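Structure, as structure tokens:
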Amino acid sequence: MFTHTGEKPFKCHLCPFSCKHNSSLKTHICTHTGEQPFKCHLCPFSCKHNSSLKRHIWNLKRHVLKHIENKNIKLKISKFSNFSKKMKRPLRKGQAYDCNLCDYSCFGVYRLQQHMLLHTGEKPFKCGMCSYSSRLKSSLTSHIRTHSEEKPFKCHLCAYSGKGAGHLKRHLTNHSGEKPFKCHLCSHSCNRDSHLKQHLMTHSGEKPFKCHLCSHSCNQAGHLKQHLITHSREKPFKCHLCAHSYKQASHLKRHLTIHSGEKLFKCHLCSYSCSHANILKQHLITHSGEKPFKCHLCSHSCKQVSHLKQHLKTHSGEKPFKCHLCPFSCKHNSSLKTHICTHTREKPFKCHLCSFSCIQNSNLKTHICTHTGEKRFSCEICDYSCNFKGNLKKHVLKHIEKKTFNCHLCSYHADSL
């Protein structure tokens, strides 16, 4: 009756979990105690769920034959298909049918026939669209949905739908907040056994998935698949709004924010917002004043690793960016773009308040101050402010007693040229 009322009278005393059947509660409590009451009578295998034990026994095509050979019992696989010889018939009506190769028993001939396929390895239900085959008709039905877009299992709490009942059960844990799988080394908990296994690798440092093309290794099969794309030129994730394509789905998601103009990541200290989490991290450094990236050749430090790379070129003298129209070369790609505008006469930075345009963004910012009256450069010693950095430098010299510009022919010196 609980299936009609929705009542869940059996409650776990260790967490908020509740269920309709006492047997389900016993199984759940095993996730806390670590107990594995279901044991295989043929090998040391044990598990928490009876269904897991059944799955283990389903692998007896190799598993059982191995034990049978150890017992020096000679049986041919072809004989397994003769079900009448392998079934222990019940003595009277209502009594279970027993398998004489394992401890399995059931109350129907058809169920026992399906069970015997575990021993033979036969998979009579075949997919007409691929090479998949299965022992059970229900498994084939679930598989066929992978070829279609059919998702008959729908969540009653949201718009989610899935192709299998197992997928829906896993999804429902997102609503309930239940996380029965707990790490015994830290406070981490999750709603899937597979996620817990992946988490445990962060403690052990184990990285079982290894790249056959380089020394890279990782703890998830999905991460290895993403890594392998870096060796190929394949870019399977394509933008439907432009010609861009990417190697990773996360990169495509980042790109799509350019089209939508969406800026999900907002600074909690000012009105700044951006489309990428890593850009927001860099922005937050401007509030802290922290300069974590330090030059190993001088005392220079900066807020971004890209700025440090640019600075290091001042030591090496390297000028990798070369103009294809003249011998000019420079250290930064942005400088090259500005230089090329001197050839093309292009002035990409335009004022929205007048017809003024210029080659550099910094010049545009300075020009806009003539409209707003803003004076961006302020003296730290007095209340002087101005629009140009050069004017501020000249002003600061007035506070310094030392005369910077000296005549090489006499003792004359001055504050400015």
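Each residue of the sequence shown is one higher than the last, beginning at 588 in my numbering.
Built from N, CA and C at the ideal position, the CB exists for glycine as well.
Remember, it's a predicted structure, so these values are computed and weren't measured experimentally.
Between the CA atoms of residue j and residue i - distance to the nearest angstrom
i	j	result
T1009	S858	Only positions 588 to 1004 of the chain appear in this structure, which leaves residue 1009 out of reach.
L884	G753	59 Å
T959	C854	25 Å
L727	L744	28 Å
N865	I872	11 Å
S860	A808	34 Å
C798	Q623	35 Å
K881	L996	42 Å
K825	C805	26 Å
H771	Y697	43 Å
I664	T733	With a pLDDT of 35 at I664, under the threshold of 50, the predicted position of this residue should be treated as unreliable, though the coordinate-derived value follows. Cα to Cα, the separation comes out at about 32 Å.
S965	C973	7 Å
T707	H831	52 Å
L856	P879	20 Å
L923	H930	11 Å
C969	I955	24 Å
S921	M716	54 Å
E793	E594	43 Å
S556	S875	In the structure as shown, the chain begins at 588 and stops at 1004. Residue 556 is therefore absent and cannot be evaluated.
Contacts around residue i, its chain only, beta-carbon distance under 8 Å, and the 5 residues preceding and following it disregarded
i	result
R679	Note that R679 has pLDDT 48, beneath the 50 cutoff, so the model's placement of it is unreliable and the number below is only indicative. Excluding positions up to five away in sequence, the list is empty.
K934	C928, S944, C945 and I946
K834	Q813, I816, T817, E821, K822, P823 and F824
K890	Q869, I872, T873, E877, K878, P879 and F880
H982	C966, Y971 and C973
Where the beta strand (DSSP E) through residue i begins and ends
i	result
C686	Y684 to C686
Span of the alpha helix (DSSP H), counted from its first residue to its last, around residue i
i	result
M703	V696 to T707
R841	A836 to S847
A808	A808 to H818
A752	A752 to S763
G977	K976 to L984
I946	No alpha helix (DSSP H) contains I946, which DSSP labels as neither H nor E.
I731	K724 to I731
L612	N609 to T620
Residues that DSSP places opposite residue i in a beta bridge
i	result
S633	K626
K769	S776
Y833	F824
C742	BP columns for C742 are empty, so no partner.
G960	Note: G960 sits in no beta bridge, so no partner.
K713	S720
Same chain only: Cβ atoms within 7 Å of residue i, ignoring 5 sequence neighbours per side
i	result
H887	H898
K604	In the sequence as presented, Lys is not what sits at residue 604; that position holds Phe. Within the same chain, F604 has close Cβ partners H615, E765 and P767.
K937	S944
D780	F768
K598	S605
H628	D690
6 Å CB neighbourhood of residue i in its chain, flanking five on each side removed
i	result
Y691	H702
K906	S916, C917 and K918
G749	K738, F740 and L755
C602	none
S802	none
K724	F712
L640	F625 and C634
L895	F880 and C889
heavy atom of the ligand SAM below 6 Å from residue i C-beta
i	result
C945	Absence of the ligand SAM from the depicted structure is noted, as is the absence of any ligand whatsoever, leaving it without description.
Legend entry - Contiguous alpha helix (DSSP H) assignments of at least 4 residues, all confined to the segment 859 to 933: Listed in chain order, the complete alpha helix (DSSP H) runs (minimum 4 residues) inside the segment 859 to 933 are 864 to 875, 892 to 903 and 920 to 931.
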